[in-house]
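Student: The structure that follows is given in the form of structure tokens.
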């Protein structure tokens, strides 16, 4: 196998593109794909302030690295979830993130759920009677948005890759959650109370991101979150992997075909679902309920009223 | 485990309904599900003439049996595809079908591709450079429709079960074939040149149909069609089986959720795709092309012009 770009011996094959690359050209390929996603979906412009939601995993650290190399002014935001014993999952994730930021001389903002909000995901989700992935997801969405507004960032970017988006899409399609389908977009423009959100890795798969990090010498937490074991999302990924194995390119055709030919059909449901947004009386975030989901979670997780005002935040 | 209906010991579990049945009540359950599909989608009325497309497999023979027991005036149509050696797949399928018709004293119409049209699926698909499943599918659709019109039947019914429909839906969704999505319905009303088509087994799964035939003593061809090995459809079934195993009810939620909340969005594409239908100059069937797909296949498979007029047909 020869590299598609330089014809040197290739070390990496990307079957859905029917292409192979040497290490250097693979890094070029990843930058190109991210650049193309940013351009095609008009995600951000040079000079804008970008906040990267980083978890310490291959996708978010790889994304941060790619954006810095593409010349974007990208700071990181790490959210401490309090998962695992001291020295366990969350602590390790934080260490990988901090090491990357130090190495690149990049700015890292940290929000720590236990310190700043008085609960961690395992206890909080149990107290609020929510599955951990649900409590975690809503906390992340809320706190990333909050931090971006507070820090006057133009856009929050997350490390969702093609495998993630295809699996979420499969889950939404299997249940025909039409309101979620209508907003499953790689770019959500800013709206009242919501900062712009973008997913610049939608053109890159999970394996490509792992390979990118290895080539670039980025250490990341390899372990999956211990609380995610057995969740449906992982089952959808496996199902799609089997289909991709049979027919390379299936995931990309599924996700991009959806964007090209289907998502517009579900926009009305998504818009209707978000009608009647109003500020949460506790934190001011837009919500369709009495209190926003995050403040409800905090209240139930801590069994005491939520203090109004911005949480304490630590800068590197 | 006790039977949901009569509380006798159950022999069969239907996990997606969280129910178990004794043999008699299971047969009752199957009739009820078929009756409900017929009613909910207004598929046919008592007294109408029904043509059942039978292959000799569990689904079509089970369906024919169910419709006869529900009091419908249901004749069978068997299409000889010429697959396998003499005494092989097609011949065995024909024997099972004939045995069933004899046993029930039902009317069976037979159309034989090699005898009546001068080609079989293996040679014909090769000559026409089509995958066998494609050549077979289009031949079936054409000839079932033709026979129903010629015999003045009110409706053609096929044995597509929930697993089939969910797998087809997954395939259509993975590629976002929006024009196919818009017409993936359990009932297609009659239109100019097209007889009404219905799928009364959409509420029953593959395993249920196999169990139904075993309980009812219906012998059927167990072997899968040898030409279908490795086709995508089977991969989609496996993927859905894995998801169903994790979360029983997924297939039903996927298919019926589609009918409830999504198919209407894709109707315009389906209608547009069928715009400009006109009679095939050779056989008169509606087509959007110069010649209909079946006549093109016949022409290429036999390398000679197709004779106009109804094919020879044999009645039991």
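Chains as they are written, first to last, in this note's numbering: chain U, 147 to 462; chain R, 147 to 462.
Glycine included, each C-beta is placed from N, C-alpha and C at the ideal position.
1) Would residue 163 of chain U pass as an interface residue toward chain R - the criterion being a Cβ-Cβ separation below 8 Å?
2) Listed in chain order, which residues of the segment 314 to 331 of chain U have Cβ atoms closer than 8 Å to some Cβ of chain R?
3) Any C-beta of chain U sitting closer than 8 Å to the C-beta of residue 379 of chain R?
4) In terms of residue numbering, what span does the beta strand (DSSP E) encompassing residue 375 of chain U cover?
5) Using a Cβ-Cβ distance cut-off of 8 Å, determine whether residue 231 of chain R contacts chain U.
6) With the cut-off set at 8 Å, would you say residue 307 of chain R and residue 205 of chain R are in Cβ contact?
7) Which of the three DSSP states is assigned to residue 278 of chain U in this structure?
8) Return the chain-ordered list of same chain residues with a C-beta closer than 6 Å to the C-beta of residue 175 of chain R, the five sequence neighbours on each side being excluded.
9) Residue 287 of chain U touches chain R at which residues, Cβ-Cβ below 7 Å?
10) With the cut-off set at 8 Å, would you say residue 259 of chain R and residue 305 of chain R are in Cβ contact?
11) Which two residues bound the contiguous beta strand (DSSP E) that contains residue 224 of chain R?
12) What's the call for residue 332 of chain R, buried or exposed, on a 16-neighbour Cβ count within 10 Å?
13) Per the DSSP calculation, residue 153 of chain U is bridged to which residue(s)?
14) Does the contact criterion of 3 or more C-beta pairs under 8 Å hold for the segment 272 to 281 of chain U versus the segment 432 to 450 of chain U?
15) Within the same chain, show all residues whose beta-carbon is closer than 6 Å to that of residue 158 of chain U, passing over the 5 residues directly before and after it, in chain order.
16) Give me the chain R residues within the contact set of residue 384 of chain U, using Cβ-Cβ distance strictly less than 8 Å, ordered along the chain.
17) Which two residues bound the contiguous beta strand (DSSP E) that contains residue 159 of chain R?
18) Taking Cβ-Cβ distances shorter than 7 Å, what residues in chain U pair up with residue 396 of chain R?
19) Looking at the structure shown, is residue 432 of chain U part of a helix, part of a strand, or coil, going by DSSP?
20) Under 6 Å Cβ to Cβ from residue 154 of chain U, same chain only, skipping five residues before and after it: list those, please.
21) Using 8 Å for Cβ pairs, my map puts residue 222 of chain R next to residue 210 of chain R. What's the rounded Cβ distance?
22) Does the distance from the C-beta atom of residue 213 of chain U to that of residue 198 of chain U stay below 8 Å?
23) Taking just the CA atoms, how far does residue 369 of chain R sit from residue 236 of chain U?
24) Ordered along the chain, which non-local residues of its own chain (more than five positions away) have a Cβ less than 7 Å from that of residue 448 of chain R?
25) According to DSSP, residue 197 of chain R sits in a beta bridge with which residue or residues?
26) Distance check for residue 220 of chain R and residue 252 of chain R, CA to CA, integer angstroms please.
27) For residue 454 of chain U and chain R, any beta-carbon pair shorter than 8 Å?
28) What does a CB cutoff of less than 7 Å around residue 382 of chain R pick up in its chain, not counting 5 residues either side in sequence?
29) Please list the terminal residues of the continuous alpha helix (DSSP H) segment that includes residue 397 of chain U.
30) When we look at the beta-carbon of residue 149 of chain U and count the other beta-carbons within 10 Å, is it buried (16 or more) or exposed?
31) How far does the alpha helix (DSSP H) with residue 421 of chain U in it extend, from its first residue to its last?
32) Give the DSSP bridge partners of residue 343 of chain R, in chain order.
33) Take residue 298 of chain U as the anchor and find which of U:438, U:195, U:164 has the nearest alpha-carbon.
34) For residue 393 of chain R, would you say it is in contact with chain U, using Cβ-to-Cβ distances shorter than 8 Å as the test?
35) Sort R:409, R:434, R:405 by Cα distance to residue 338 of chain R and report the nearest one.
36) At least one CB of chain U closer than 8 Å to the CB of residue 403 of chain R: is that the case?
Tutor: Straight from the coordinates:
1) Output row for residue 163 of chain U: interface = no.
2) Here the close residues are 319, 320, 321, 322, 324.
3) no
4) Annotation: residue 375 of chain U is outside any beta strand (DSSP E) and is labelled neither H nor E by DSSP.
5) no
6) yes
7) helix
8) 167
9) Correct list: empty, because the minimum Cβ distance to chain R is about 24 Å.
10) no
11) 219 to 226
12) So residue 332 of chain R counts as buried.
13) DSSP lists no partner for residue 153 of chain U.
14) yes
15) 167, 172, 357
16) 388
17) 158 to 160
18) Result: 320.
19) strand
20) 168
21) 6 Å
22) yes
23) The C-alpha of residue 236 of chain U lies about 52 Å from the C-alpha of residue 369 of chain R.
24) 264, 265
25) R:221, R:302
26) 8 Å
27) Bear in mind that a pLDDT of 48 at residue 454 of chain U, under 50, signals an unreliable position, so the number given afterwards is only what the model happens to contain. Answer no: the Cβ-Cβ gap between residue 454 of chain U and chain R never drops below 8 Å.
28) A distance below 7 Å between beta-carbons, with the five flanking residues on each side excluded, links residue 382 of chain R to the following residues of its chain, in chain order: 313, 316, 317.
29) 396 to 407
30) By the C-beta density criterion, residue 149 of chain U is buried, having at least 16 other C-beta atoms within 10 angstroms.
31) Residue 421 of chain U -> no alpha helix (DSSP H), and no H or E assigned at all.
32) R:302, R:334
33) Taking only the C-alpha atoms, the option nearest residue 298 of chain U is U:195.
34) yes
35) R:434
36) yes
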